[in-house]
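Going by UniProt numbering, the final residue of the sequence shown carries number 654, and the count climbs one at a time with no gaps.
Virtual Cβ for every residue (Gly too), placed ideally from N, Cα, C.
If you're wondering where the values come from, they're calculated on a predicted model, not measured in any experiment.
Right, one structure below, let's go through it.
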Amino acid sequence: MAHMNKNYIPNTLSKSIDLFWNSCESLSSSEYMKLYSEIFTYLTTGWVALNRSPGRRANQPNDTSGILVERLYVFTKNYIRNKLDEVSKDINSQPAESILQYYKRSRDEHRMLFRTLNGAYNYFNRYCDRGKYRIGTDVCEIHVIVEYVDYEIQQANVCLLIEISSLKKLQNLLEEIFFPPNIVNIIVDKLRILLLDDNNYNELSIQFESICRLKIMKNELLKLIEEHVYERGIHEIKAAFTNKAMNETIDPSSYIETLVNLQTKYQTLIQDIFANDAACIAARNKGYAKFVNENIIIEDSGMMAKSEVLLCQYCDLLLKKGKAAIIDDDWDHKQKNILIVFDFIESKDLFMRIYQKKLCKRLLNESSVSHEYETSLISAFKDKCGHEYTSKFEQMMKDIRISEDLTKEYKENVEKNSIYDSEKFSVMVFMTNYWPLSSSPDVILPIELKSMFDDFTKFYLGKYNGRKLMLLHQHSYGELRMKISGKDYQLLVSTYQIMILLLFNEKPNWTVKQIQDQTKIESELLTGILSILSNKNILISENGFDSTSVIRLTDNFTSDKFRVNLNIPLKLNKEKKCNDLSRTIDEERPMKIQAALVRIMKKEKILKYSLLIEQIRTQFQPEVLSIKKCIEILIEKEYFQRDPNDKNTLVYLP
């Protein structure tokens with residue numbers, strides 16, 4: 001109604017007063033709201049027209065809304081005065097004894113009219129007065145504005161005949177009036193400043209209650225919290241690790257503890273300032289998860305420094321024997337820190353694969369500080385992600401316990417039959433499907449080792465009929481006694497190294513080809529092992545390690561230590577290994593997602609589409625599109641179908 005006729009409102013208002021006057025009834029809600037809306041439009045469009053008037057000076061006071069309301073007052077007063085003049089004439093024409101009764105009847109009949117007009121004009125009075133007050137108020141004093149908006153809504157509810165749905169519209173309208181985009185931006189800038197300085201948190205706390213009562217400002221605050229947590233997290237990590245990231249020497253402990261400290265800081269912020277508001281917690285978590293999974297460390301170092309990888313390394317440092325190993329009374333605190341970061345990492349399946357390899361290595365090398373701690377952490381992962389996530393971890397721990405009992409039983413059998421010294425042999429037996437171990441090619445074992453393996457195989461198959469044992473030479477190790485230049489040494493060596501070194505009891509010189517023929521060790525692996533023994537000055541080669549090169553046992557080996565560790569892993573390209581692992585996980589993930597979807601649906605039978613996606617994302621963090629594709633594939637394979645009555649519900653097909 002941009003070009004409203006100047007007589008439109010007076011005419012409309014006079015008709016409404018006449019309706020009151022003649023019917024002695026109130027307007028309907030729809031009629032009243034129509035009148036109210038037209039008056040409001042008249043005030044606002046008139047305000048714009050007056051303020052755009054060419055004759056208006058720049059320094060003229062901004063009181064045009066009052067001028068417009070005054071015009072309505074004058075018209076209403078004059079119109080009612082004319083109506084009352086007519087009543088007065090009617091009274092004068094009445095007999096004297098009827099005048100009092102006529103007056104009483106007129107007062108009762110027109111009471112609703114005057115009550116309604118009084119309520120409406122009281123409301124517009126407050127609008128003008130409060131509007132002037134608002135103009136002189138600092139826009140950043142948001143709690144004052146919010147209190148005013150609340151007051152207006154309450155008074156409108158009391159004084160005006162407004163339905164609940166209309167009251168909600170009024171509230172939204174007031175928010176638009178008092179919080180246009182430019183004002184919102186000013187307040188957001190003020191809130192951003194308050195968030196940046198811890199000293200301002202008290203003021204922020206005072207403003208928070210008011211902010212929560214306005215949807216538009218609450219949404220802006222949530223965006224600010226998410227943005228602030230992410231940016232501060234990025235800043236802290238960049239300041240602490242930029243130089244290290246370039247050199248690929250990130251300390252997992254420092255990195256994880258930095259993440260934990262940031263989480264603790266912003267948890268305190270939410271508790272103390274935002275009263276643990278659920279929406280604020282969600283905004284904080286969103287910002288925190290973003291910088292945990294996207295920061296300068298990951299950008300500069302790639303796969304080798306993903307948070308999942310560094311968290312696995314942190315766990316390994318704590319649980320592996322060494323200087324960084326966990327202290328007994330500190331485990332609960334450290335486990336809590338692990339779980340804080342674990343909650344926010346996206347690729348939990350990547351974490352699982354890497355953690356499984358680290359756990360496997362600790363158990364194989366008997367380097368775990370405590371099986372109790374291992375079990376405790378696995379149980380915590382299970383609580384977070386479910387049995388399927390940790391089933392392999394649990395079976396690995398179970399295999400270790402069974403192997404300990406099996407070794408004890410076998411040693412008792414050896415001692416009973418006086419076969420050989422039982423202390424020279426121990427064994428671990430694992431279930432193939434649960435350990436990240438690959439089979440090793442067949443080799444020719446020395447007779448000293450073969451007799452022990454054959455005897456244990458006979459014992460095991462007698463106990464577990466129908467099973468098959470597969471030797472993993474690459475993970476086996478032992479000890480050799482070596483005497484050189486009159487000194488004894490105890491060498492800690494791998495099974496492959498034992499096979500090679502025992503050959504030199506037969507003769508002092510062997511070609512590389514002869515060693516390979518005697519052991520059947522693959523040529524690339526053999527070259528790597530010979531290189532390690534040569535670097536340690538155990539074996540000597542005059543011209544490299546090609547097939548015709550002659551290898552001989554050293555005669556001048558010296559060491560300050562009696563026990564010499566030669567069981568050193570072959571060097572691998574870690575970056576290539578990590579990239580291969582990432583590629584493997586990406587290739588396997590669709591099948592894993594499908595398997596998890598089937599497990600969930602088999603248990604639930606009927607489930608909403610959105611809830612199924614939500615449950616699957618506790619274990620995986622692929623794009624929702626990838627999950628949807630897997631669901632469609634399973635529908636095509638008839639694992640489940642859509643409910644005919646509700647396309648958003650899935651039904652499991654047995």
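- Secondary structure, alpha helix (DSSP H): runs of 4+ residues fully inside the region 495-528: 495-502 and 512-519
- Message: Three or more C-beta pairs under 8 angstroms: does that hold for the region 374-384 against the region 449-462?
- Response: By the C-beta criterion, the region 374-384 is judged not to be in contact with the region 449-462, since fewer than 3 inter-stretch pairs fall below 8 angstroms.
- State the Cα-Cα distance for the pair VAL369 and ILE538, rounded to the nearest angstrom. As a first step, residue 369 must be located in the sequence shown, where it is residue number 369. As a first step, residue 538 must be located in the sequence shown, where it is residue number 538. Spanning the two alpha carbons is a distance of roughly 32 angstroms.
- Secondary structure of PHE640, DSSP reduced to three states: Counting from 1 along the sequence shown, the entry for residue 640 is found at position 640. In the structure shown, PHE640 sits in a strand (DSSP, three-state: E or B).
- Considering ASN202, what are the terminal residues of the alpha helix (DSSP H) in which it resides? Residue mapping note: residue 202 aligns to position 202 of the sequence shown, counting from 1. Its alpha helix (DSSP H) spans residues 201-212.
- Return the first residue and the last residue of the alpha helix (DSSP H) that GLY287 is part of. Here residue 287 refers to the residue found at position 287 of the sequence shown. Taken as a continuous stretch (DSSP letters only), the alpha helix (DSSP H) holding GLY287 covers 278-293.
- Is it buried or exposed for LYS190, if we count other Cβ within 10 angstroms and need 16 for buried? Numbered from 1 along the sequence shown, position 190 holds the residue referred to as residue 190. Burial call: buried.
- Query: Do ILE326 and VAL260 come within 7 angstroms of each other at the CB atom, strictly closer than that value?
  - Reply: Counting from one through the sequence shown, the residue named residue 260 turns up at place 260. Counting from one through the sequence shown, the residue named residue 326 turns up at place 326. Their beta carbons are not under 7 angstroms apart, which means VAL260 does not touch ILE326 by this criterion.
- Could you give the residue range of the beta strand (DSSP E) that holds VAL550? Taking the sequence shown and counting its residues from 1, one reaches residue 550 at position 550. Run containing VAL550: 550-553, per the beta strand (DSSP E) assignment.
- Message: Check for me: the beta strand (DSSP E) holding GLY478 runs from which residue to which?
- Response: Here residue 478 is taken as the residue at index 478 of the sequence shown, counted from 1. Per DSSP, GLY478 belongs to the beta strand (DSSP E) from 477-484.
- Task: Take MET428 and list the residues in its own chain whose beta-carbon comes closer than 6 angstroms to its own, dropping the five residues that flank it on each side.
- Result: As a working mapping, residue 428 is identified with position 428 in the sequence shown. Answer for MET428: SER403, listed in chain order.
- N- and C-terminal bounds of the alpha helix (DSSP H) containing ASP399: What you label residue 399 is simply residue 399 of the sequence shown in a count that begins at 1. Per DSSP, ASP399 is one residue of the alpha helix (DSSP H) stretching across 387-417.
- Message: What does the Cβ neighbour count give for MET470, buried or exposed, with the cut at 16 atoms within 10 Å?
- Response: Start at 1 with the first residue of the sequence shown, and residue 470 comes out as number 470. By the neighbour-count criterion, in which 16 or more other beta carbons inside 10 Å mark a residue as buried, MET470 falls on the exposed side.
- Separation of LYS238 from ILE297, as counted between CA atoms: Translated into positions along the sequence shown, residue 297 becomes position 297. Translated into positions along the sequence shown, residue 238 becomes position 238. Approximately 8 angstroms, taken between the alpha carbons.
- Message: Looking only at its chain, what residues have a beta carbon closer than 8 angstroms to the beta carbon of LEU377, apart from the 5 residues adjacent to it on each side?
- Response: Along the sequence shown, read from residue 1 onward, the residue named residue 377 stands at position 377. Correct list, in chain order: CYS315, LEU319, GLN335 and ILE338.
- Message: If we define contact as Cβ-Cβ less than 7 angstroms, is LYS290 a contact residue for chain C?
- Response: In the structure shown, chain C does not exist; there is a single protein chain.
- Query: For residue 691, which option in TYR609, GLN615, GLU614 and LEU625 has the closest C-alpha, if you only look at C-alpha atoms?
  - Reply: With the chain represented from 1 up to 654, any question about residue 691 goes unanswered, as that position is not in the structure.
- Message: Quick check on ARG481: buried or exposed, where buried means 16 or more other Cβ atoms within 10 Å of its Cβ?
- Response: As a first step, residue 481 must be located in the sequence shown, where it is residue number 481. Result: exposed.
- 7 angstroms Cβ cutoff met for THR558 and ILE444: Looking up residue 558 in the sequence shown gives position 558. Looking up residue 444 in the sequence shown gives position 444. Their beta carbons are not under 7 angstroms apart, which means THR558 does not touch ILE444 by this criterion.
- Message: Tell me the DSSP secondary structure of ASP442 in three-state form.
- Response: Here residue 442 refers to the residue found at position 442 of the sequence shown. For ASP442, the three-state secondary structure derived from DSSP is coil.
- Item | Simplified DSSP state of LYS320, which is helix, strand or coil | Taking the sequence shown and counting its residues from 1, one reaches residue 320 at position 320. Correct three-state label for LYS320: strand.
- Query: Can you tell which of GLU542, LEU406 and ASP277 has the C-alpha that lies nearest to the C-alpha of LEU461?
  - Reply: In the sequence shown, residue 461 corresponds to position 461, counting from 1. Comparing Cα positions, the closest option is LEU406.
- Tell whether a beta-carbon distance below 7 angstroms holds between ILE627 and ILE613. Start at 1 with the first residue of the sequence shown, and residue 627 comes out as number 627. Start at 1 with the first residue of the sequence shown, and residue 613 comes out as number 613. In contact: ILE627 and ILE613 (Cβ atoms closer than 7 angstroms).
- Within 10 angstroms of its Cβ, does LEU350 collect 16 or more other Cβ (buried), or is it exposed? Sequence index remark: in the sequence shown, residue 350 carries index 350 (1-based). Under this definition LEU350 is a buried residue.
- Return the residue from the list LEU310, ARG401 and LEU269 that minimises the CA-CA distance to GLN249. Start at 1 with the first residue of the sequence shown, and residue 249 comes out as number 249. What sits at residue 249 in the sequence shown is Thr, not Gln. Checked all of LEU310, ARG401 and LEU269; the closest Cα to THR249 is LEU310.
- Query: When we look at the beta-carbon of TYR464 and count the other beta-carbons within 10 Å, is it buried (16 or more) or exposed?
  - Reply: Counting from 1 along the sequence shown, the entry for residue 464 is found at position 464. Looking at its Cβ environment, which holds fewer than 16 other Cβ atoms inside 10 Å, TYR464 is exposed.
- What do you get for THR390, buried or exposed, if any count of 16 or more other CB atoms within 10 angstroms of its CB means buried? Within the sequence shown, numbered from 1, the residue matching residue 390 stands at position 390. With 16 or more Cβ atoms within 10 Å of its Cβ, THR390 is classed as buried.
- ASN565, enclosing beta strand (DSSP E) - first and last residue: As a position in the sequence shown, residue 565 is number 565, starting the count at 1. 563-565 is the span of the beta strand (DSSP E), which, as asked, contains ASN565.
- Apply the 10 Å Cβ neighbour rule to MET396 and answer buried if 16 or more other Cβ atoms are within range, or exposed otherwise. Numbered from its first residue, the sequence shown carries residue 396 at position 396. Per the 10 Å Cβ criterion, buried.
- Between which two residues does the beta strand (DSSP E) carrying ASP272 extend? Taking the sequence shown and counting its residues from 1, one reaches residue 272 at position 272. For ASP272, there is no enclosing beta strand (DSSP E); the residue is part of the alpha helix (DSSP H) that begins and ends at 252-272.
- For LYS265, the nearest candidate out of LEU530, ASP560, LEU472 and TYR288 (CA to CA): Counting from one through the sequence shown, the residue named residue 265 turns up at place 265. Of the listed residues, the one whose Cα sits closest to LYS265 is TYR288.
- Query: Is any heavy atom of the ligand ADP found at a distance shorter than 6 angstroms from the C-beta of MET397?
  - Reply: Here there are no bound small molecules, and the ligand ADP is not part of this structure.
- Query: With distances taken between CB atoms, is the gap from ASN200 to LEU194 smaller than 7 angstroms?
  - Reply: On the sequence shown, position 200 is the one that residue 200 refers to. On the sequence shown, position 194 is the one that residue 194 refers to. Taking 7 angstroms as the Cβ cut-off, ASN200 and LEU194 qualify as a contacting pair.
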